[in-house]
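The block underneath contains the structure these notes are about, expressed in structure tokens.
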Amino acid sequence: MMPEHILVAVAWPYANGPRHIGHVAGFGVPADIFARYHRLRGNRVLMISGTDEHGTPITLVADKEGTTPQAIADRYNKIIGDDLYNLGLSYDTFTRTTTANHYAVTQDIFRTLYERGYIIRQETLGAFSATTGRTLPDRYIEGTCPICGYDEARGDQCDNCGSQLDPTDLINPRSKVDGQPPVFKPTEHFFLDLPAFAEQLRAWIDQQGHWRPNVRNFSLNFLKELKPRAITRDLEWGVPIPLPEYSNRDDKKIYVWFDAVIGYLSASIEWARNRGEPDAWREWWQNPDARHFYFMGKDNIVFHTVIWPAMLLGYGAGGQFGANPGGKYDGIPLQLPYNVVSSEFLTMEGKKFSSSRGIVIYVNDFLSRYDADALRYFLTIAGPENQDTDFTWAEFVRRNNDELVATWGNLVNRTLSNVYKNFGSVPQPGPLTAADEQVLAEVTGGIETVGELLAAARFKAALSEAMRLAAQVNIYLSEQEPWKVIKSDRERAATIWYVALRCVDTLKIIFTPFLPFSSQRLHEYLGYDGYIAGPLRFQDVTEADGRTHRVLTGDYDQWSGRWEPSALPVGQTLRQPQPLFKKLDEKVVEEELARMQSRAL
RNA sequence: GCCGGGGUAGCUCAGCGGUAGAGCAAACGGCUCAUAAUCGUUAGGUCGCGGGUUCGAAUCCCGCCUCCGGCACCA
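Reading the first sequence from the start, the letters are residues 5 to 605 in this note's numbering.
Written out as structure tokens, the structure is:
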């Protein structure tokens, strides 16, 4: 089978603070499982993302700390990058939106859309901060609701009566940031002409029968009331507008969302350049057979199903980057998303995550006490794949101890301990019985069944099936009782343990996308060398302007793992095994709840 | 308010037109190689409420209750 080109496009974490486990549950972990699976299958995967570093919230954090937006972005780019590395998220390129490359690609898309008439100018009445002169987004304006009299209504809606509002509707409007009344004045903005693409988008989305129904329905509905959308803001922090009259102005920039989605393309271009093959990204973006999978939370659906596709349609095969005169992909437009995999939300002990109220567990804090695979297991088996789900410490401990440790960890440990102690290497089997053949066939079948579920982005079902297969091997061992058999018939015991080892070795591959760290350790206990999948590394990239930034990447071409059944050689020497996972004390629940309580004070 | 998605065993969830399912928790039993891990058996639900379509409805339709999300300048 020809290797497929798969683009795994992961939502860009916003760099105004550390990210909590809800963020990585929604897109990071699922996307990584998907990417790892496809790499094991031998497909050519390009997994890209980065930190999203423009926009109002970062400027507010900077103001509060008396520093620059760039300093804030630098700090959280580092923390978030470290988190993703520690979680084993195997990005080909995890970069950032403040690179010269990203600015160039963003401006190319803006300029191309503008020249083709898809970006139009319009004057609007904007709200500005009286103290800083910057745009005050509707959400940052508070006042009394003209309908119900609630005095903490926001500029976009009243949380008390639910009415849709304009900031100018509010009685006694004031900035949420400094309490001053906002200044309203006319300002020119650029609008993306979304209605120009409405029919094309509708026809395209109609054909996407493989999308999750909520994604498709929601997007089609969104198309019904499509209006031009402002893509600039009165802000000094952002990508400059690439038009002569704005080149020297520092008060109007491209809106963060417009540049953030372009990151999928700019990061791909950066990946190719860093690799020394500047046109390599075209194999994913202009190859008609490539498939693009986007992973994000449900709040971001329309940016990926409507707005970004509209931008891509408008850009087509043009611009400075898209054009490939005389090249292999001359005149071929950029690819639209193949699937948009949206997750629901994770809640924390029954409540919404809230940094300000202390209802939160940050990724780095979590990983300082617990293993990445334990978190990856929980977020996959109990995560918000199809509906909102709740993270509780009690459930985390229970799933870790009763499922991960007891079923899979114990199967590995009892098998390796027995074989290591009694044989030291993979034993030579005698003739296989029907029971032996059956368990081998069932586990081998998992390569197919779990693989199909992974390809369909049904991660919860895929991991459940893998766990069921591990339980099947535990049943097999209970029935065969090799620890008894060895006392009278060493050859038969050797056969049983050989079968169990083969099953464990196949399950190791099946579990690798979900649990890469423990699978690697198991790989070594089984006597193999090299990396089954990994490792990740950081790379420092210096651009033409002399600035340097750090990119998370990895040498994934070197992976030795293949999505195939075990071919464990008889006689291979095992290494001394250790338990794969840590059993957690029940006291962890109380400790963590107390920790959360103290943060809330 | 409008749009979308949920409400199924004590808990977490799967099923989405053809005799109610899984894991965990519970009760009992087996095993003791393994991180007291494991294996088996049992028990447990008028599938949010009310109507309708159908030979047959968790599953389709209508209404209602309730929870979550989105609603265009939060990202």
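Each residue gets a CB set at the ideal place from its N, CA and C atoms; glycine is no exception.
Keep in mind it's a predicted model, so treat the numbers as computed, not measured.
In this structure, residue 52 lies near residue 97, with their beta-carbon atoms less than 9 Å apart.
Distance check between residue 246 and each of 604, 107, 101 places 107 closest, using alpha-carbon atoms only. Between the stretch 25-40 and the stretch 382-393 there are three or more inter-stretch CB-CB distances shorter than 8 Å, so the stretches are counted as touching. Of the residues assessed, residue 6 falls on the exposed side of the cut-off, its CB having fewer than 16 other CB atoms within 10 angstroms.
In the structure shown, residue 485 falls within a coil segment according to DSSP collapsed to helix, strand and coil.
According to DSSP, residue pairing for residue 343 in a beta bridge involves 297. Ranked by how close their Cα comes to the Cα of residue 205, the residues 195, 594, 92, 306 have 306 in first place. According to the DSSP assignment, residue 64 belongs to the alpha helix (DSSP H) that extends over 60-69.
By the Cβ test, the stretch 342-361 is not in contact with the stretch 145-161, since fewer than three Cβ pairs between them sit closer than 8 Å.
Beta bridge pairing from DSSP links residue 192 with 127. Here residue 145 is buried, its C-beta having at least 16 other C-beta atoms within 10 Å. Excluding the 5 residues flanking it on each side, residue 417 has same chain C-beta neighbours closer than 6 Å at 583, in chain order.
Counting only runs of 4+ residues, the alpha helix (DSSP H) found wholly inside the stretch 207-284 occupies 217-227, 260-278, in chain order.
Residue pairing by DSSP places residue 560 opposite no residue, since no beta bridge is assigned to it. Beta-bridge partners assigned by DSSP to residue 553: 545. With distances taken between CA atoms, residue 335 lies nearest to 291 out of 291, 364, 196. Residue 11 is positioned such that its CB atom lies no closer than 9 Å to that of residue 207.
Beta-bridge partners of residue 187 (DSSP): 132. Taking a C-beta distance under 9 Å as the contact criterion, residue 308 and residue 337 do not qualify as a contact pair. Shown here, residue 6 sits in coil according to DSSP, grouped into three states, outside any helix or strand.
With a minimum length of 4 residues, the unbroken runs of alpha helix (DSSP H) contained wholly in the stretch 466-513 fall at 486-489. Distance from the CA atom of residue 562 to the CA atom of residue 450, rounded to whole angstroms, is 24 Å. Beta-bridge pairing by DSSP links residue 146 to 158, 178.
Taking the Cα positions, residue 157 is about 5 Å away from residue 147. Residue 455 is a Cβ neighbour of residue 45, given a cutoff of 9 Å. By the criterion of a C-beta distance shorter than 8 Å, residue 188 is surrounded in its chain by 129, 130, 131, 132, 171, 172, once the five residues flanking it on both sides are discounted. Residue pairing of residue 384 in beta bridges, as defined by DSSP: absent, with no partner found. Take the alpha-carbon of residue 311 and the one of residue 478: they are about 50 Å apart. Boundaries of the alpha helix (DSSP H) harbouring residue 447: 438-459, taken from the DSSP string. A distance below 8 Å between beta-carbons, with the five flanking residues on each side excluded, links residue 394 to the following residues of its chain, in chain order: 350, 351, 352, 353, 354. Under the three-state reduction of DSSP output, residue 94 falls in the coil class, being neither helix nor strand. Residues 159, 160, 171 of the same chain have their beta carbon placed closer than 6 Å to that of residue 142, with the five preceding and five following residues left out of the count. The alpha-carbon of residue 49 is positioned some 47 Å away from that of residue 489. Here residue 136 is actually not in contact with residue 60; their C-beta atoms are around 10 Å apart, not less than 8 Å. Distance from the Cα of residue 177 is smallest, within the candidate group 134, 580, 216, for 134. Note: residue 315 is not bridge-paired with any residue in the DSSP secondary-structure output.
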